[in-house]
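Residue numbers (the working numbering): 911 to 1035.
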């Protein structure tokens, strides 16, 4: 069986998100889950930056507008949090893949707290 990229990091992230979902359930706004994720990551000693700013390079020119990843974990993983009853959409996947490309990260995680069970998707470039 092939080795998962950043396996330990992704298990730590998903584990923290599961604890958040178990405690809070579904139904809150996305920002509430991000606040709780920040606490879980800190308590688990997961190195992260919240709302990490990334430049967008267009033909060698840095655009004035930036993008902000919900969480930039261990310098190698983009984590996007959602709270939608409709699940992880193709638009969310495309957005996260774009963020991964701009940031140079090879792993992205989309976590959706909006359903009765935590939903997540691993994306690899």
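Where a beta carbon is used, it is the ideal one built from N, C-alpha and C, also for glycine. Computed from a prediction, not measured in an experiment: that's the story for all the values here.
Would you kindly check if the distance between the Cβ of residue j and the Cβ of residue i is under 8 Å?
i: residue 998; j: residue 1015; result: no
i: residue 930; j: residue 961; result: no
i: residue 1012; j: residue 964; result: yes
i: residue 944; j: residue 980; result: yes
i: residue 916; j: residue 986; result: yes
Leaving aside the five residues before and after residue i along the sequence, list all residues of the same chain whose C-beta is less than 6 Å from its C-beta, in chain order.
i: residue 1020; result: 990, 998, 1002, 1006, 1031
i: residue 957; result: 984
i: residue 1035; result: 1010, 1016
i: residue 926; result: 950, 951, 954
Hey, quick one: how far does the alpha helix (DSSP H) through residue i stretch, first residue to last?
i: residue 1001; result: 1000 to 1013
i: residue 950; result: 940 to 953
Which residues in the same chain as residue i place their Cβ atom closer than 7 Å to its Cβ, once the five residues preceding and following it in sequence are excluded?
i: residue 928; result: 1028
i: residue 948; result: 960
Got a sec, what are the start and stop residues for the beta strand (DSSP E) residue i sits in?
i: residue 958; result: 958 to 964
i: residue 937; result: Element bounds for residue 937: n/a, residue is neither H nor E.
i: residue 1033; result: 1029 to 1034
i: residue 992; result: 987 to 992
Here's a check: name, in chain order, each residue in its chain whose Cβ is nearer than 8 Å to the Cβ of residue i, leaving out the five neighbours to either side.
i: residue 934; result: 942, 943, 946, 1023
query = Using 8 Å as the Cβ pair cut-off and three pairs as the minimum, do the stretch 987 to 997 and the stretch 967 to 975 touch?
reply = no
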